[in-house]
Amino acid sequence: MSNPLIYPMAAHLALTAFLYALLTLVRAPAVWGLGRRPDGSNPWAKIEPRISANLSNQFEWPLFFYVVCVLLLQQAASDPIQLWLAWLFIAGRLWHTCVQICTTNVRLRGAVFTINFVAVLAMWLWLLASPWHGA
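Note that the sequence shown covers residues 12 to 146 in our numbering.
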């Protein structure tokens with residue numbers, strides 16, 4: 012049986028793929044003319060930059076999530092705390108995506124990002140402390 016840590020990693024991959032598909036859809040009026048307003052404008056013009064920015068965010072801090080996950084997978088042991096932190100990271104990423112795309116509330120987005128930041132930082136700290144925990 013595979014390490015359950017692979018599932019949060021796959022969930023983030025699915026989120027990123029969804030964002031690529033969503034970005035393609037909102038760019039369709041500008042790129043292919045599909046769904047243009049009668050005046051020729053893109054009805055999604057205001058939300059497109061937020062989706063694009065969120066997609067870019069999926070390749071920043073999550074890099075450290077993937078690195079710690081790969082290191083944990085190499086240990087071939089399943090740590091319930093690490094798994095919980097990984098799912099917390101995913102929940103935070105989903106919430107961050109919703110806030111960034113659906114609102115312009117930068118303060119809330121920063122607060123939500125803190126969930127992702129702390130979850131990954133805790134994963135790293137727990138990994139570094141693992142020799143003292145007998146893992």
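The C-beta atom is built at its ideal place from N, Cα and C for all residues, glycine as well.
The segment 118 to 125 and the segment 48 to 64 do not touch, with fewer than three beta-carbon pairs separated by less than 8 Å.
Setting aside the 5 residues that flank it on each side, residue 98 is surrounded in the same chain by 19, each with a C-beta closer than 7 Å to its C-beta; the list follows chain order.
Cβ-Cβ separation between residue 58 and residue 126: approximately 23 Å, too far for a contact (criterion under 8 Å). Taking C-alpha positions only, residue 130 is separated from residue 34 by approximately 27 Å. Residue environment analysis places residue 109 among the exposed positions, since fewer than 16 neighbouring C-beta atoms fall within 10 angstroms of its C-beta.
Within 10 angstroms of the beta-carbon of residue 45 lie fewer than 16 other beta-carbons, which makes it exposed. Residue 115 carries a coil assignment under DSSP once its states are collapsed to helix, strand and coil. When C-alpha distances from residue 69 are compared across 88, 91, 100 and 42, the shortest belongs to 100. Only exposed fits residue 54, as fewer than 16 other CB atoms lie within 10 angstroms of its CB. Separation of the CB atoms of residue 84 and residue 16 is rounded to 6 Å, and the pair is thereby assigned contact status at 8 Å.
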